[in-house]
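J.: Supplied in structure tokens, the structure appears directly below.
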Amino acid sequence: MPFGLTNAPATFCTLMNQVLHGFLDEFVVVYLDDIVIYSRTLAEHVEHLRQVLARLREYELYAKVSKCLFAQETISFLGHIVERGRIRMDPNKEQAIEEWQPPSDVHDLRSFLGLANYYRRFVKDYSKIARPMTDLLKKTEAWNWTPQCQVSFDDLKRAMVTDPVLALPDMSKPFVVED
Numbered sequence: 001m002p003f004g005l006t007n008a009p010a011t012f013c014t015l016m017n018q019v020l021h022g023f024l025d026e027f028v029v030v031y032l033d034d035i036v037i038y039s040r041t042l043a044e045h046v047e048h049l050r051q052v053l054a055r056l057r058e059y060e061l062y063a064k065v066s067k068c069l070f071a072q073e074t075i076s077f078l079g080h081i082v083e084r085g086r087i088r089m090d091p092n093k094e095q096a097i098e099e100w101q102p103p104s105d106v107h108d109l110r111s112f113l114g115l116a117n118y119y120r121r122f123v124k125d126y127s128k129i130a131r132p133m134t135d136l137l138k139k140t141e142a143w144n145w146t147p148q149c150q151v152s153f154d155d156l157k158r159a160m161v162t163d164p165v166l167a168l169p170d171m172s173k174p175f176v177v178e179d
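full-length UniProt numbering puts the first residue of the sequence shown at 1, with every later residue one more than the last.
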């Protein structure tokens, strides 16, 4: 499909989901033309690579070797750093958040909250912290950047850049699941 067509990304996404069906969420994650293969061991990883490359070849799809990384313990993917059962924000995003200026209108606020919402899983009590700002998005509310909004903005920025990390639980140790 030629680039530039409106439906090209959706069509390609559907194609990749069909081609890699059976592997998805087992040992493969796909986003547009990025394919991430994850495994517990190097031997398992080599086998997963063989399966995925064979499937791509079967459908006459090819990977550009110069753009490929193999057997990486740490990768940057969709604004996250993923490594051995852990996921954290990309440091470049953290810097952008630290430098973000307080919004001056609803458009600026939507931009900030859009980014913050993407990383909400890293922030405990995200909705409580962001509430004064999200209230400003209501059509019935006039724009009024209050001291509570500023505190909310500062607290949310701080929570997002305080090196938040998500990790798979270690089943051999006690842990608490919070809602």
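Quick reminder that beta carbons are idealized off the backbone N, C-alpha and C, glycines included.
On a predicted model such as this, the values are computed, not experimentally measured, just so you know.
Check whether the Cβ atoms of L168 and G79 sit closer than 8 Å, and answer yes or no.
T.: Contact flag unset, no.
J.: Go ahead and label M171 buried or exposed: buried means 16 or more other beta carbons lie within 10 angstroms of its beta carbon, across all protein chains shown.
T.: Answer is exposed; the Cβ neighbour count stays below 16.
J.: Cβ atoms of M89 and V123: under 8 Å apart, would you say?
T.: no
J.: Using only alpha-carbon positions, find the residue among V165, R110, Y31, F175 that is nearest to M137.
T.: Strictly speaking, residue 137 in this sequence is Leu, with Met absent from that position. Here the closest residue by C-alpha is R110.
J.: Considering only their Cβ atoms, is the gap separating A63 from L69 smaller than 8 Å?
T.: no
J.: Measuring CB to CB, does I37 end up less than 8 Å from L49?
T.: Contact: yes.
J.: Looking only at its own chain, which residues have a Cβ that is under 7 Å from the Cβ of S76, when we skip the five neighbours before and after it?
T.: D90
J.: Give me the Cα-Cα distance between V151 and K157, rounded to the nearest whole angstrom.
T.: 10 Å
J.: How far does the beta strand (DSSP E) with E73 in it reach, from first residue to last?
T.: No beta strand (DSSP E) holds E73; DSSP gives it neither H nor E.
J.: Got a sec? Which residues, its chain only, sit under 8 Å from W143 by beta carbon, not counting five neighbours each side?
T.: Counting only residues of its own chain and dropping the five nearest sequence neighbours on each side, W143 has a CB closer than 8 Å to the CB of D105, V106, L136.
J.: Would you say V46 and L20 are within 8 Å of each other, going by their C-beta atoms?
T.: No, the Cβ-Cβ distance between V46 and L20 is not below 8 Å.
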